[in-house]
Amino acid sequence: MAASTLPTITLRDGTTIPRLGMGTWRMGDDPARRKDEVRSLQEGLDSGLRLIDTAEMYGSGRSESVVGEAIRGRRDDVYLVSKVLPSNADYNGTIKACKRSLSYLQTDSLDLYLLHWRSSTPLEETIGAFETLQKEGLIKRWGVSNFDTSDMNTLDRINPQAMVNQILYSLIYRGTEYDLQERDARHHVASMAYCPLGQGGAFLKNATLVQIAQQHETSLGPATPAQIALAWVLRRPNVIPIPKAATPQHQHYNRAATEIQLTEADLAALDRAFPPPRHKEPLAVI
Ligand code: NDP
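Count along the sequence shown from 1, add 58, and you get the number used in my numbering.
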């Protein structure tokens, strides 16, 4: 698939959002890696990726500051997502947190602002702040993260304007396939999949992933287990994986994962290695 044909999802408000993004958790934590991290995001943008996910929580603004450096001079190329911490999610706290994020990101507005997870603050209050931020042009739209099915039903009864629910989803965490993803798709809420690569490490050495990778190619050469894990998440049309790649090479491989079409036999083998849920499971979070 060519760089220009990255698929999109149409949100509830009729706008579109790219179907693959770039995560940023732990970026900015190690000054020695900062240059690579900035370059990785920039090369991701050059390759046609547009969506960058960050949060005020990540390094208390350090990740947002890496993103700010990476997007300087090219804000219009980027679909920018950040998140407010539940401990800041009262009305005034949300407004202040958003302004702080904008200053780290060196920009005037966010494309999407998420409540990181549900807090003791009434949802009405956080949504009130989101609406003020929208009116002032500081955010374009809002959504949530780590909301389970009942939370989403409650939220939609209060205000059916959440565009996205960002959730843990990968081959090793499939619980949301049982009902949450389907509920969100039915209501035109996109599922944004965090930790789609299982945070790297041992998962990417799984024998089934390795064996399937050997049967696929991308424009970069033989496919890798990480690309198979990503292609598997991408198979669901309402899901946007946001892998974090701190090196340009990983970023290019993730972009190229959109070229892979898994076969029925691949999917069956992955179901055997990582069984789908048979009953409702409480939402897993990291
Ligand atoms: P991921 O599943 O994205 O895994 C990241 C790890 O995979 C890193 O070690 C990275 O290495 C490695 N990696 C990336 N690309 C490749 C590749 N092509 N081949 C081999 N290894 C690769 O985990 P994250 O925890 O980062 O999750 C993704 C994003 O989701 C976060 O960065 C954050 O933006 C968001 N998130 C949201 C949460 C929420 O509560 N809403 C919770 C957790 C995450 P390297 O860095 O060296 O490239």
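Heads up, the beta-carbon is just placed ideally off N, CA and C, and yes, glycines get one too.
At a threshold of 8 Å, Trp290 does not count as near ligand 1, since its beta carbon sits no closer than that to any of the ligand's heavy atoms. At least one heavy atom of ligand 1 sits closer than 8 Å to the Cβ of Gln257. CA-CA distance, Ala326 to Ile270, rounds to 11 Å. Contact between Val142 and Leu109 is ruled out by a C-beta separation of about 18 Å, above the 8 Å threshold. Excluding its 5 nearest sequence neighbours in each direction, Ala187 has C-beta neighbours in its own chain below 7 Å: Tyr149, Thr152, Ile153, listed in chain order. Sequence-distant Cβ neighbours of Gly258 in its own chain, meaning closer than 8 Å and more than five residues away, are Ala284. Following the DSSP letters along the chain, one finds Trp200 inside the beta strand (DSSP E) bounded by residues 200-203.
DSSP places Ser140 in the strand class (E or B) of the three-state scheme. Taking 9 Å as the cut-off, the Cβ atoms of Ala265 and Ala331 count as close. Three or more beta-carbon pairs drawn from the stretch 62-81 and the stretch 248-263 are found closer than 8 Å, and the two stretches are therefore classed as touching. Around the beta carbon of Lys302, 16 or more other beta carbons sit within 10 angstroms, so the residue counts as buried. The stretch 256-328 is shown to contain whole beta strand (DSSP E) runs of 3 or more residues at 297-299, in chain order. In summary, Asn223 is buried, with 16 or more beta-carbon neighbours lying within 10 Å of its beta-carbon over all protein chains present. Within the DSSP secondary-structure output, Gln224 pairs in a beta bridge with Ser203, Met250. Under the three-state reduction of DSSP output, Asp242 falls in the helix class.
Residue pairing of Met80 in beta bridges, as defined by DSSP: Ile110.
Within its own chain, the residues whose Cβ lies closer than 7 Å to the Cβ of Pro65, once the five positions on either side in sequence are excluded, are Arg77, listed in chain order. Contact between Asp242 and Asn296 holds: their C-beta atoms lie close to 7 Å from each other, under 8 Å. Residue pairing for Leu173: DSSP places it in a beta bridge opposite Val142, Val202. Of the residues assessed, Asp324 falls on the buried side of the cut-off, its CB having 16 or more other CB atoms within 10 angstroms.
In this structure, Gln307 lies away from Leu107, with their beta-carbon atoms at least 9 Å apart. Sequence-distant Cβ neighbours of Leu292 in its own chain, meaning closer than 6 Å and more than five residues away, do not exist here.
Around the beta carbon of Ile216, fewer than 16 other beta carbons sit within 10 angstroms, so the residue counts as exposed.
Gly79 has its alpha-carbon roughly 26 Å from the corresponding atom of Glu194. Taking the Cα of Asp135 as reference, the smallest distance to any Cα among Ser105, Met115, Lys157, Pro144 is reached at Ser105. Contact between Arg313 and Gly102 holds: their C-beta atoms lie close to 7 Å from each other, under 8 Å. Annotation: the continuous alpha helix (DSSP H) that includes Thr184 extends over 181-193.
Under a 10 Å Cβ-count criterion, Arg132 is classified as exposed, with fewer than 16 other Cβ atoms of the shown protein chains found around its own Cβ.
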